[in-house]
Amino acid sequence: MPKNKSHKGTLKRIRITRTGLVKHKSGASGHLRSHKSGKRLRRLRHSKFMSNPEAKRLERLLFRRLRGREQPRAAIRRSPAPNRTQA
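As C-alpha coordinates, then:
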(Lines of atoms letter the chains of each structure in order from A; the text may use other names.)
(Lines give C-alpha, C1' and ligand atoms only; values in the text may rest on other atoms or scores of the structure.)
Protein backbone atom coordinates (compact mmCIF):
# COMPACT_ATOMS: atom_id res chain seq x y z
CA MET A 0 0.00 0.00 0.00
CA PRO A 1 1.44 3.44 -0.93
CA LYS A 2 2.22 6.09 1.63
CA ASN A 3 -0.25 8.89 2.29
CA LYS A 4 0.73 12.19 0.72
CA SER A 5 0.23 15.42 2.62
CA HIS A 6 -1.55 18.27 0.82
CA LYS A 7 1.23 20.45 -0.61
CA GLY A 8 -0.95 23.52 -1.19
CA THR A 9 -1.89 23.55 2.47
CA LEU A 10 1.71 23.12 3.59
CA LYS A 11 2.72 26.22 1.61
CA ARG A 12 0.17 28.35 3.48
CA ILE A 13 0.75 27.27 7.08
CA ARG A 14 3.54 26.72 9.59
CA ILE A 15 3.30 24.04 12.26
CA THR A 16 5.02 24.86 15.55
CA ARG A 17 6.93 22.30 17.61
CA THR A 18 3.98 21.97 19.95
CA GLY A 19 1.56 21.25 17.09
CA LEU A 20 -0.12 24.65 16.76
CA VAL A 21 -1.02 25.74 13.23
CA LYS A 22 0.07 29.28 12.36
CA HIS A 23 -1.37 31.01 9.27
CA LYS A 24 -1.60 34.44 7.65
CA SER A 25 -4.80 36.46 8.00
CA GLY A 26 -7.11 36.44 5.02
CA ALA A 27 -8.29 39.58 3.18
CA SER A 28 -4.89 41.24 3.55
CA GLY A 29 -3.43 40.81 0.07
CA HIS A 30 -5.14 43.39 -2.13
CA LEU A 31 -8.13 45.79 -2.25
CA ARG A 32 -6.75 47.49 0.83
CA SER A 33 -7.61 51.11 0.07
CA HIS A 34 -11.11 50.99 1.57
CA LYS A 35 -9.97 49.17 4.74
CA SER A 36 -9.14 51.19 7.82
CA GLY A 37 -5.61 51.51 9.14
CA LYS A 38 -6.59 49.73 12.33
CA ARG A 39 -7.93 46.78 10.37
CA LEU A 40 -4.81 46.60 8.18
CA ARG A 41 -2.53 46.63 11.23
CA ARG A 42 -4.56 43.79 12.74
CA LEU A 43 -4.35 41.79 9.50
CA ARG A 44 -0.54 42.03 9.46
CA HIS A 45 -0.19 39.58 12.33
CA SER A 46 -0.35 35.85 11.79
CA LYS A 47 -2.96 33.84 13.66
CA PHE A 48 -3.29 30.38 15.19
CA MET A 49 -6.03 28.04 14.03
CA SER A 50 -8.97 27.07 16.20
CA ASN A 51 -9.67 23.48 17.25
CA PRO A 52 -12.22 22.53 14.54
CA GLU A 53 -10.07 23.98 11.76
CA ALA A 54 -7.00 22.12 13.03
CA LYS A 55 -9.00 18.88 13.14
CA ARG A 56 -9.94 19.35 9.48
CA LEU A 57 -6.30 19.89 8.55
CA GLU A 58 -5.28 16.65 10.27
CA ARG A 59 -7.04 14.76 7.47
CA LEU A 60 -5.19 16.72 4.77
CA LEU A 61 -1.75 16.45 6.35
CA PHE A 62 -1.92 13.00 8.00
CA ARG A 63 -0.48 14.20 11.30
CA ARG A 64 -1.72 15.28 14.72
CA LEU A 65 -2.33 19.00 15.22
CA ARG A 66 -3.88 21.09 17.96
CA GLY A 67 -5.94 24.26 17.98
CA ARG A 68 -5.18 27.37 19.98
CA GLU A 69 -7.62 26.36 22.76
CA GLN A 70 -6.18 22.88 23.34
CA PRO A 71 -3.55 22.21 26.01
CA ARG A 72 -0.07 21.04 25.06
CA ALA A 73 -0.78 17.59 26.46
CA ALA A 74 -3.43 17.08 23.77
CA ILE A 75 -0.71 15.77 21.47
CA ARG A 76 1.40 12.88 22.64
CA ARG A 77 4.91 12.89 21.22
CA SER A 78 7.40 10.11 21.52
CA PRO A 79 10.44 11.19 23.56
CA ALA A 80 13.74 11.88 21.85
CA PRO A 81 16.20 8.96 21.99
CA ASN A 82 18.59 10.85 24.28
CA ARG A 83 15.75 11.60 26.74
CA THR A 84 14.78 8.00 27.42
CA GLN A 85 15.82 6.63 30.76
CA ALA A 86 17.80 3.40 30.90
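Residue numbers (numbering that gives the first Met the number 0): 0 to 86. We put the CB at the ideal spot given by N, CA and C, even for glycine.
- In its chain, beyond the 5 residues on either side, Ser28, Arg32 have a beta carbon closer than 8 Å to the beta carbon of Leu40.
- When DSSP states are grouped into helix, strand and coil, Leu60 belongs to the helix group.
- Counting along the chain, the unbroken alpha helix (DSSP H) around Lys7 starts and ends at 7-12.
- Just measuring C-alpha positions, the residue of Arg17, Leu61, Leu43 sitting nearest Ser78 is Arg17.
- Gly37 is positioned such that its CB atom lies no closer than 7 Å to that of Met49.
- Secondary structure note for Lys22: its beta strand (DSSP E) is the uninterrupted segment 21-23.
- With a cutoff of 7 Å on beta-carbon distance, Thr9 and Leu65 are scored as not near each other.
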